[in-house]
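Chemist: Submitted below is the structure of interest, expressed as structure tokens.
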Amino acid sequence: MADLRRRIEEANHAGSARAVEKQHAKGKLTARERIELLLDEGSFVELDEFARHRSTDFGMERNRPYGDGVVTGYGTVDGRPVAVFSQDFTVLGGSLGEVFGQKIMKVMDFALKTGCPVVGINDSGGARIQEGVMALGMYGEIFRRNTHASGVIPQISLVVGPCAGGAVYSPAITDFTVMVDQTSHMFITGPDVIKTVTGEDVGFEELGGARTHNATSGVAHHMAGDEKDAIEYVKSLLSYLPSNNLSEPPVFPEEADLEPTDEDRELDVLVPDSANQPYDMHTVIEHVLDDADFFETQPLFAPNILTGFGRVEGHPVGIVANQPMQFAGCLDIDASEKAARFVRTCDAFNVPVLTFVDVPGFLPGVGQEHEGIIRRGAKLIYAYAEATVPLITVITRKAFGGAYDVMGSKHLGADLNLAWPTAQIAVMGAQGAVNILHRRTIAAAGDGAAQEETRARLIQEYEDTLLNPYTAAERGYVDAVIMPSETRSHLVRGLRQLRTKRESLPPKKHGNIPL
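So the sequence shown is numbered by full-length UniProt numbering: it starts at 1 and just counts up by one.
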């Protein structure tokens, strides 16, 4: 018994006091401290506590700490089962070797068999050089498990230190990645290698810091101020997701009052009279969600489209919305890919998707065309068209051209399509359309003043005829034109009805999304 207690003590303090002190001096927690913050108190059950590496090269046989630099096991978050692995930078620099990798693989297999989410806490110096190809093999095994678990159980990566080289691909495959400002770094090749090969001078933060991956690359979904904030974000995120693809997300039942309130009526005057004036789509989202609580994902990346979670009558929903405050809400490559991935995540985990549309079209530009807006924009079409969860779309103002189709239209399979009276559904805006359709008529009108008068008359005629929601409503492309203040009540009723929705796609091995 005494021997067991001694071994447990050794395993719990595998990192030296000096290494722990250095970790704390950087403002970082230890692997076990992170698990304690994540899981409910007293719920953690450790696996493979006494596992140790078997390497004898380069003097490794003289340093065989218990745990091998990663803590693995399971516990609960808000009473729900969760599997976790936490890399320990205080033990062998958190480097991945054969036993280290096997421990992660084992806990991932455990999560997949039991149908619970897995949270991976990454803080590692990379592959253990002394173990050579065995370390590389373990990375591949982990990637394969990430892929097999994708869409089956939620996978969340918490990057709280370095994550470099091949190690970055595990977080990249998972559903959500959370990073800590000034602490987390992710990159394939580091600054020194880049300097040697290309001559470029770049620092760790600029190359792969939390801000870079949240605002520029889109690799990460949230930038936390510190580790505690990051862990709280993960816990909140789990509350919107089911344990697996065969279960429903957690529900906190709350019957909604369907009568519009004074607060709801604020939406009736939200959209400006001028089509060129922006407004904040956050206002619309917060008005329709329970407690105005919008849990946004990737807020710094592609801000022209908003994605995130909320609840309606206590049931989780996913939100996709154009943001007129940024690029007038245009779709571009980044926005299309951000929204497509989010829609597919919601669909995989049985979360209904609410789409709010105010989109003048795709962002024009040579850069966008050359970088593949055709192929990459098609990902959003694919995501909506293959989704079988409840889909409700609300057009608040502009829905022009191909972007109308892409943003959760009836033609892609949306279940309920609603429009505000301010909706403008057409091939293009009035001014552009009139300049094309009536070029000769305007030119023949005479002098400049006469031309402007003719143009204004034709624009008004176009707006009255086509630039409204009623043509689409006549054809059934819009199911109802509603008062903005009644949006929440329509969403509540629609979601109630769609809870029993069942839809299946043609049998196939898998689709061929335009990657």
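By construction, the Cβ of each residue, glycine as well, lies at the ideal position given by its N, Cα and C atoms.
These figures come from a predicted structure and were not determined experimentally.
Can Val353 and Ile381 be called in contact, C-beta distance under 9 Å?
Modeler: As a first step, residue 353 is located in the sequence shown; it is residue number 353 there, counting from the start. As a first step, residue 381 is located in the sequence shown; it is residue number 381 there, counting from the start. For Val353 and Ile381, no; Cβs fall outside 9 Å.
Chemist: Is the segment 428–440 touching the segment 474–494 in the sense that three or more CB pairs, one from each, lie closer than 8 Å?
Modeler: Contact fails: fewer than three Cβ-Cβ distances are below 8 Å.
Chemist: Once you ignore the five residues that flank Met134 on each side, which residues in its own chain have a CB closer than 6 Å to its CB?
Modeler: Position 134 of the sequence shown, counted from the start, is the residue given in the question as residue 134. Taken in chain order, the residues that qualify are Glu98.
Chemist: For Gly125, which option in Glu453, Arg18, Gln102 and Ala164 has the closest C-alpha, if you only look at C-alpha atoms?
Modeler: Here the question's residue 125 lines up with position 125 in the sequence shown. Considering only alpha carbons, the answer is Ala164.
Chemist: Which residues in the same chain have their Cβ closer than 7 Å to the Cβ of Phe327, if we skip the five residues on either side of it in sequence?
Modeler: Here residue 327 refers to the residue found at position 327 when the sequence shown is read from its first residue. So the qualifying residues of the chain are Asn304 and Leu363.
Chemist: Keeping to the same chain, check which residues put their C-beta closer than 7 Å to that of Ala175; ignore five residues upstream and five downstream.
Modeler: As a working mapping, residue 175 is identified with position 175 in the sequence shown. Reading the sequence as shown, one finds Asp at residue 175 and not Ala. Hits under 7 Å: Pro154, Gln155, Ile156 and Thr345.
Chemist: In the DSSP assignment, find the beta strand (DSSP E) that holds Arg80 and state where it starts and stops.
Modeler: As a working note, residue 80 is residue 80 in the sequence shown. It spans Arg80 to Gln87 - the beta strand (DSSP E) in which Arg80 sits, taken as one unbroken run.
Chemist: State buried or exposed for Pro360, treating a residue as buried only when at least 16 other CB atoms are found within 10 Å of its CB.
Modeler: Sequence index remark: in the sequence shown, residue 360 carries index 360 (1-based). Its Cβ being crowded by 16 or more others within 10 Å, Pro360 is buried.
Chemist: In its own chain, which residues sit with a C-beta less than 6 Å from the C-beta of Trp420, not counting the 5 before and 5 after it?
Modeler: To locate residue 420, count along the sequence shown from 1; it is residue 420. Taken in chain order, the residues that qualify are Thr396 and Pro484.
Chemist: Using only the alpha-carbon positions, how far apart do Gly203 and Gly42 sit?
Modeler: Translated into the one-based positions of the sequence shown, residue 203 becomes position 203. Translated into the one-based positions of the sequence shown, residue 42 becomes position 42. Going from the Cα of Gly203 to the Cα of Gly42 covers about 41 Å.
Chemist: Tell me, which residues are paired with Tyr74 by DSSP?
Modeler: Taking the first residue of the sequence shown as 1, we reach residue 74 at position 74. Note: Tyr74 sits in a beta bridge opposite Val45 and Ala83.
Chemist: Which residue or residues does DSSP assign as beta-bridge partners of His222?
Modeler: By 1-based counting over the sequence shown, the position of residue 222 is 222. Answer by DSSP bridge pairing, in chain order: Val178.
Chemist: Kindly indicate the opening and closing residues of the alpha helix (DSSP H) around Phe400.
Modeler: Your numbering for residue 400 matches position 400 in the sequence shown. Taken as a continuous stretch (DSSP letters only), Phe400 belongs to no alpha helix (DSSP H), being part of the beta strand (DSSP E) at Leu391 to Phe400.
Chemist: Is the segment 276–294 close to the segment 212–228, with three or more CB pairs under 8 Å?
Modeler: Cβ pair count under 8 Å is below three, so no.
Chemist: Measuring alpha carbon to alpha carbon, tell me which residue in Val357, Arg376, Leu416 and Ala385 is nearest Gly401.
Modeler: Locating residue 401 in the sequence shown gives position 401, where the first residue counts as 1. If we check each option's Cα against that of Gly401, Val357 comes out closest.
Chemist: Would you mind listing the beta strand (DSSP E) stretches within the segment 317–398 that are 3+ residues and don't spill past its ends, in chain order?
Modeler: Entirely contained in the segment 317–398, the beta strand (DSSP E) runs reaching 3 residues are, in chain order, 353–359.
Chemist: Taking only three categories from DSSP, how would you classify Arg440?
Modeler: Here the question's residue 440 lines up with position 440 in the sequence shown. Correct three-state label for Arg440: helix.
Chemist: Does DSSP put Gln298 in a helix, a strand or coil?
Modeler: Against the sequence shown, residue 298 aligns to sequence position 298. Of the three classes helix, strand and coil, the one that applies to Gln298 here is coil, per DSSP.
Chemist: How long is the line joining the alpha carbons of Glu141 and Ala340, rounded to whole angstroms?
Modeler: In the sequence shown, counting from the first residue as 1, residue 141 sits at position 141. In the sequence shown, counting from the first residue as 1, residue 340 sits at position 340. One C-alpha to the other measures close to 27 Å.
Chemist: From Lys417 to Glu21, what does the alpha carbon distance come to, in whole angstroms?
Modeler: Your numbering for residue 417 matches position 417 in the sequence shown. Your numbering for residue 21 matches position 21 in the sequence shown. According to the sequence provided, residue 417 is Asn. The question's Lys does not apply to it. So the two alpha carbons sit approximately 57 Å from each other.
Chemist: Does the Cβ of Asn244 have 16 or more other Cβ atoms within 10 Å, making it buried, or fewer, making it exposed?
Modeler: Locating residue 244 in the sequence shown gives position 244, counting from the first residue. So Asn244 counts as buried.
Chemist: Mark Glu121 as exposed unless 16 or more other C-beta atoms lie within 10 angstroms of its C-beta, in which case mark it buried.
Modeler: On the sequence shown, position 121 is the one that residue 121 refers to. A small fix is needed here, since residue 121 is Ile in this sequence, not Glu. Label assigned to Ile121: buried.
Chemist: Just the C-alpha distance for Leu498 and Lys508, rounded to the nearest angstrom, thanks.
Modeler: As a first step, residue 498 is located in the sequence shown; it is residue number 498 there, counting from the start. As a first step, residue 508 is located in the sequence shown; it is residue number 508 there, counting from the start. So the alpha carbons of these two residues sit roughly 25 Å apart.
Chemist: Looking at the structure shown, is Gly67 part of a helix, part of a strand, or coil, going by DSSP?
Modeler: Translated into positions along the sequence shown, residue 67 becomes position 67. In this structure, Gly67 counts as coil in the three-state DSSP scheme.
Chemist: Closest to Ala215 by CA distance: which of Asn146, Pro299, Asp280 and Ala256 is it?
Modeler: The count along the sequence shown starts at 1 and reaches residue 215 at position 215. When only C-alpha atoms are compared, the closest one is Pro299.
Chemist: Go ahead and pull the three-state DSSP assignment for Gln155.
Modeler: Here residue 155 refers to the residue found at position 155 when the sequence shown is read from its first residue. It is a strand residue.
Chemist: Which whole-angstrom value describes the C-beta separation of Ala210 and Asp192, a residue pair presumed to lie in contact below a C-beta threshold of 8 Å?
Modeler: Here the question's residue 210 lines up with position 210 in the sequence shown. Here the question's residue 192 lines up with position 192 in the sequence shown. Wrong, their Cβ atoms sit about 21 Å apart, outside the cutoff.
Chemist: Using a 10 Å radius around the Cβ and a threshold of 16 neighbouring Cβ atoms, would you call Phe50 buried or exposed?
Modeler: If you number the sequence shown from 1, residue 50 lands on position 50. Classification for Phe50: exposed.
Chemist: Start and end of the beta strand (DSSP E) containing Ile425?
Modeler: The residue labelled residue 425 in the question sits at position 425 within the sequence shown. Its beta strand (DSSP E) spans residues Gln424 to Ala426.
Chemist: Select from Val312, Leu37, Ser86 and His438 the residue whose C-alpha is nearest the C-alpha of Tyr462.
Modeler: Here the question's residue 462 lines up with position 462 in the sequence shown. If we check each option's Cα against that of Tyr462, His438 comes out closest.
Chemist: Below 9 Å between beta carbons: does that hold for Glu46 and Gly73?
Modeler: Residue mapping note: residue 46 aligns to position 46 of the sequence shown, counting from 1. Residue mapping note: residue 73 aligns to position 73 of the sequence shown, counting from 1. The answer is yes: Cβ separation under 9 Å.
Chemist: Applying the 10 Å Cβ sphere with the 16-neighbour rule, what's the burial state of Asp78?
Modeler: In the sequence shown, residue 78 corresponds to position 78, counting from 1. Asp78 should be labelled exposed.
Chemist: Pull up the distance between the alpha-carbon of His510 and that of Tyr233, whole angstroms please.
Modeler: Residue 510 sits at position 510 when you count from the first residue of the sequence shown. Residue 233 sits at position 233 when you count from the first residue of the sequence shown. Roughly 32 Å between the two C-alpha positions.
Chemist: Less than 9 Å between the C-beta atoms of Thr388 and Ser504, yes or no?
Modeler: Walking along the sequence shown from the start, residue 388 turns up at place 388. Walking along the sequence shown from the start, residue 504 turns up at place 504. For Thr388 and Ser504, yes; Cβs fall inside 9 Å.
Chemist: Look up His185 in the DSSP assignment and give the residues it is bridged to.
Modeler: The residue labelled residue 185 in the question sits at position 185 within the sequence shown. Its beta-bridge partners are Pro162 and Gly209.
Chemist: In angstroms, rounded to a whole number, what distance separates the CA positions of Leu96 and Tyr169?
Modeler: For the purposes of this step, residue 96 is taken as residue 96 along the sequence shown, with counting starting at 1. For the purposes of this step, residue 169 is taken as residue 169 along the sequence shown, with counting starting at 1. Distance between the alpha carbons of Leu96 and Tyr169 is about 14 Å.
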